[in-house]
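**Q** Would you mind keeping the following structure in view while I ask a few things?
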Amino acid sequence: MTVPETTATNTATAATATTVGEAPGAEALRPHAEDAFADELKALAAADDRPRPARWRLSPWAVATYLQGGTLPDGTVITPKYVGPRRLIEVAVTTLATDRALLLLGVPGTAKTWVSEHLAAAVSGDSTLLVQGTAGTPEEAVRYGWNYAQLLAHGPSRDALVPSPLMRAMADGMTARVEELTRIPADVQDSLITILSEKTLPIPELGQEVQAVRGFNVIATANDRDRGVNELSSALRRRFNTVVLPLPATPDAEVDIVSRRVDQIGRSLDLPAAPEGLAEIRRVVTVFRELRDGVTTDGRTKLKSPSGTLSTAEAISVVTNGLALAAHFGDGILRPGDVAAGILGAVVRDPAADRVVWQEYLETVVRERDGWKDFYRACREVSV
């Protein structure tokens, strides 16, 4: 099965728009993984002498190394993209090398989207074949749509068909991504069943079908903690191998994750490095972990937990915003006053219930903790 002409045309147009006068992603605020880490992917491909599945850019071993980091024989350092159990990444990569789709499951902020993007970039060299799940995602986003001007003028035809990212991935043997699968309405979710089980996408209007070529697979992400969740049917769940991404196991691991991502984001925003900010990053992580776990780090004091998730992703956002405050309205050094307002906004989502939780935490834990006086005063100022 060949790619419809419209697909080839659209792909060429997109490539032209991206590359005229500059390298892909050169001025993008948030470059795609395959652009941001192009040098690492190139170095891995050059050093990778292991067997590669059909149409994979790298071997499974090299994909796992790209995600987890390492040093190549020529001295090239591959930065970690995911800090967590290596076995989880190995299982995820191995799943993609089979005919089973991959479901990355976890609470909000566990890097599901991040891992999904980097897996697609390493396997296919293209992380953009994406279906974004929302309550309004139509079936056309999963299957295909129509150019209605062409449809009305000439009737159903190849030229009138608008392929979805999944159809394009099937035709090219690429990796497609479905973000927030549980936000998609149940009837639209189930349109994936035939694609995942039969590796076929029927086009009844044309009496044809698209058959997936070798290399095609799907990575979906989902969580069951946010509102607006649509449970996956048992039939659909059976089409996936599920890998649960946990929250960081230790404070040190979470501090490492936050520090790395803040550094990456800061460089993309031209914010100055904040080597003295590690203490504040650790403080933010400590506050989030204690309120999330409902107990202080030493295990002595039970705490009430707020309604929000207080995820690692939110900690990254709080620290990044604090770094911007320090850079533009301070002396460039991350201080308690730079992160206090961000923490308040992350914790107090329900103004009635969460504010009580936060005030109790401030007075019973933060106020009495050695070395936290400045942080306590800064939080009190923004909490009034």
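Going by my numbering, the sequence shown opens with residue -2, and the numbers climb by one from there.
Yeah, the Cβ is synthetic: ideal placement off N, Cα and C, and Gly gets one too.
(1) Look at the alpha carbon of L268 and the alpha carbon of K78, and state the distance between them as a whole number of angstroms.
(2) DSSP three-state call for A98: helix, strand or coil?
(3) Unbroken beta strand (DSSP E) runs of length 3 or more, entirely within the stretch 123 to 205: which are they?
(4) With distances taken from CA atoms, which of M164, V88, V259 and D32 is nearest W58?
(5) What is the DSSP secondary structure of A349, reduced to helix, strand or coil?
(6) Considering only residues of the stretch 214 to 255, which uninterrupted beta strand (DSSP E) runs meet the minimum length of 3 residues and lie entirely inside it, listed in chain order?
(7) Could you work out which residue in R155, A157, R258 and V175 is closest to L163 when comparing CA atoms only?
(8) Assuming contact is defined by CB atoms lying nearer than 7 Å, are A310 and G106 in contact in what I supplied?
(9) Exposed or buried, K109, counting other C-beta atoms within 10 Å across all chains shown (16 or more means buried)?
(10) Where does I75 fall in DSSP's three states?
(11) To the nearest angstrom, how far is the alpha carbon of G81 from that of A250?
(12) For S113, does the count of other Cβ atoms within 10 angstroms reach 16, so buried, or fall short, so exposed?
(13) What does DSSP give as the partner residues of V292 in its beta bridges?
(14) Taking 6 Å as the limit between beta carbons, can you name the residues of its chain near A209, skipping five residues before and five after?
(15) Leaving aside the five residues before and after N318 along the sequence, list all residues of the same chain whose C-beta is less than 6 Å from its C-beta, in chain order.
(16) When DSSP labels each residue in this structure, what does V207 get in the three-state scheme?
(17) For the putative contact between Q186 and L127, defined by C-beta atoms under 8 Å, what is the C-beta separation to the nearest angstrom?
(18) May I ask you to list the residues that DSSP assigns as paired with T68?
(19) In angstroms with no decimal places, state the Cα-to-Cα distance between G18 and E24.
(20) Within the same chain, show all residues whose beta-carbon is closer than 8 Å to that of E399, passing over the 5 residues directly before and after it, in chain order.
(21) For the alpha helix (DSSP H) containing P28, list its first residue and its last residue.
(22) Consult DSSP for R54 and reduce its assignment to one of helix, strand or coil.
(23) Short check: CB of V336 to CB of E378, under 7 Å?
(24) On the three-state DSSP scale, how would you describe P48?
(25) According to DSSP, is A108 helix, strand or coil?
(26) With a Cβ-Cβ cutoff of 7 Å, do A61 and L193 count as a contact?
**A** On the basis of the coordinates in this document:
(1) Here the question's residue 268 lines up with position 271 in the sequence shown. Here the question's residue 78 lines up with position 81 in the sequence shown. Answer to the nearest angstrom: the Cα atoms are 21 Å apart.
(2) Position 101 of the sequence shown, counted from the start, is the residue given in the question as residue 98. Reduced to three states, the DSSP call for A98 is strand.
(3) 127 to 129, 141 to 143, 158 to 160, 172 to 176 and 197 to 200
(4) Taking the first residue of the sequence shown as 1, we reach residue 58 at position 61. If we check each option's Cα against that of W58, V88 comes out closest.
(5) Residue mapping note: residue 349 aligns to position 352 of the sequence shown, counting from 1. Reduced to three states, the DSSP call for A349 is coil.
(6) 214 to 219 and 237 to 241
(7) In the sequence shown, the residue the question calls residue 163 occupies position 166. Cα-wise, what sits closest to L163 is V175.
(8) By 1-based counting over the sequence shown, the position of residue 310 is 313. By 1-based counting over the sequence shown, the position of residue 106 is 109. Yes; because the gap between Cβ atoms is below 7 Å, this pair is in contact.
(9) Here residue 109 refers to the residue found at position 112 when the sequence shown is read from its first residue. By the neighbour-count rule (16 or more Cβ atoms within 10 Å), K109 is buried.
(10) Mapped onto the sequence shown, residue 75 falls at position 78. Here I75 sits in strand by DSSP.
(11) In the sequence shown, the residue the question calls residue 81 occupies position 84. In the sequence shown, the residue the question calls residue 250 occupies position 253. If you take the alpha carbons of G81 and A250, they lie about 8 Å apart.
(12) Counted from its first residue, the sequence shown places residue 113 at position 116. S113 should be labelled buried.
(13) Residue 292 sits at position 295 when you count from the first residue of the sequence shown. Paired residues: K299.
(14) To locate residue 209, count along the sequence shown from 1; it is residue 212. Same-chain partners within the cutoff: M167 and K196.
(15) Locating residue 318 in the sequence shown gives position 321, where the first residue counts as 1. Counting only Cβ-Cβ distances below 6 Å, and skipping sequence neighbours, we find G339.
(16) Within the sequence shown, numbered from 1, the residue matching residue 207 stands at position 210. Three-state result, V207: strand.
(17) As a position in the sequence shown, residue 186 is number 189, starting the count at 1. As a position in the sequence shown, residue 127 is number 130, starting the count at 1. Not confirmed; about 16 Å, so no contact.
(18) As a working mapping, residue 68 is identified with position 71 in the sequence shown. Answer by DSSP bridge pairing, in chain order: V74.
(19) Residue numbering aside, residue 18 sits at position 21 when the sequence shown is read from its first letter. Residue numbering aside, residue 24 sits at position 27 when the sequence shown is read from its first letter. For G18, the predicted structure reports a pLDDT of 43, less than 50, and the residue's modelled location is therefore unreliable. A value from the coordinates is still provided. Cα to Cα, G18 sits roughly 11 Å from E24.
(20) With the chain covering only -2 through 381, there is no way to say anything about residue 399.
(21) The sequence position of residue 28 within the sequence shown is 31, counting from 1. It is not in any alpha helix (DSSP H) - P28 carries neither H nor E in the DSSP assignment.
(22) Numbered from its first residue, the sequence shown carries residue 54 at position 57. Residue state, collapsed to three classes: coil.
(23) Translated into positions along the sequence shown, residue 336 becomes position 339. Translated into positions along the sequence shown, residue 378 becomes position 381. No.
(24) Translated into positions along the sequence shown, residue 48 becomes position 51. Three-state DSSP puts P48 in coil, outside helix and strand.
(25) Here the question's residue 108 lines up with position 111 in the sequence shown. Looking at A108 - three-state DSSP - the assignment turns out to be coil, as it is neither helix nor strand.
(26) Locating residue 61 in the sequence shown gives position 64, where the first residue counts as 1. Locating residue 193 in the sequence shown gives position 196, where the first residue counts as 1. No. Outside cutoff.
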